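One structure below.
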Amino acid sequence: LHPEVLETQQLIDKYSQDITKAKCSIMRTSNIPHFPESEWEHVLRGHTVNLGNVISGINTMSSITPRTHHIGELEITLPGTSSSTKHILNSREWFSAWQLTTEAMLRAFPHQCTELTLYG
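Take 134 as the starting number for the sequence shown in the working numbering and just add one per residue.
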């Protein structure tokens with residue numbers, strides 16, 4: 134196998150031993166990309182990333198508004214939640230989602246820089 138493939142497999146094995154610890158370790162680094170938390174585990178396990186979830190995360194990070202409900206005179210405000218996965222509709226959305234995914238993947242697999250740059 135190619136040395137980069139072996140390095141990737143070794144890192145996946147290491148991350149998979151304690152995925153929560155691996156995710157926390159990456160999240161504590163500086164300049165972490167605004168990548169959906171739900172997709173970090175996919176990156177660290179070497180699984181496919183759902184670009185629809187990534188673009189949904191981009192679109193909702195600043196647009197989730199709290200929900201307010203009234204029960205009589207009582208007002209209850211709950212945090213907003215994001216909706217379902219968005220479908221990629223054009224090349225601009227795909228490129229934005231891919232750029233963010235590349236940034237996240239490079240945090241976990243810095244040796245893949247050339248490959249990821251050439252692909253995107």
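For each residue, glycine too, the CB sits at the ideal point set by N, CA and C. Keep in mind that this is a model prediction, so the values were computed, not measured.
Inter-residue CB distance, residue i and residue j (contact presumed, cutoff 8 Å)
| i | j | result |
| --- | --- | --- |
| I152 | E174 | 6 Å |
| H220 | G185 | 6 Å |
| T141 | Q245 | 7 Å |
| I209 | G179 | So it is not a contact: roughly 42 Å between Cβ atoms. |
| K156 | L177 | 6 Å |
Burial state of residue i (16 or more Cβ within 10 Å)
| i | result |
| --- | --- |
| G205 | exposed |
| E172 | buried |
| F242 | buried |
| N223 | exposed |
| L207 | exposed |
| Y252 | exposed |
| L139 | exposed |
Sheet register partners of residue i (DSSP bridge)
| i | result |
| --- | --- |
| G175 | For the record, residue 175 in the displayed sequence is His; it is not Gly. Beta-bridge pairing links H175 to no other residue. |
| H135 | The partner list for H135 (beta bridge, DSSP) is empty, contrary to what the question assumes. |
Determine contact between the segment 229–242 and the segment 166–184, defined as no fewer than three beta-carbon pairs at a distance below 8 Å. yes
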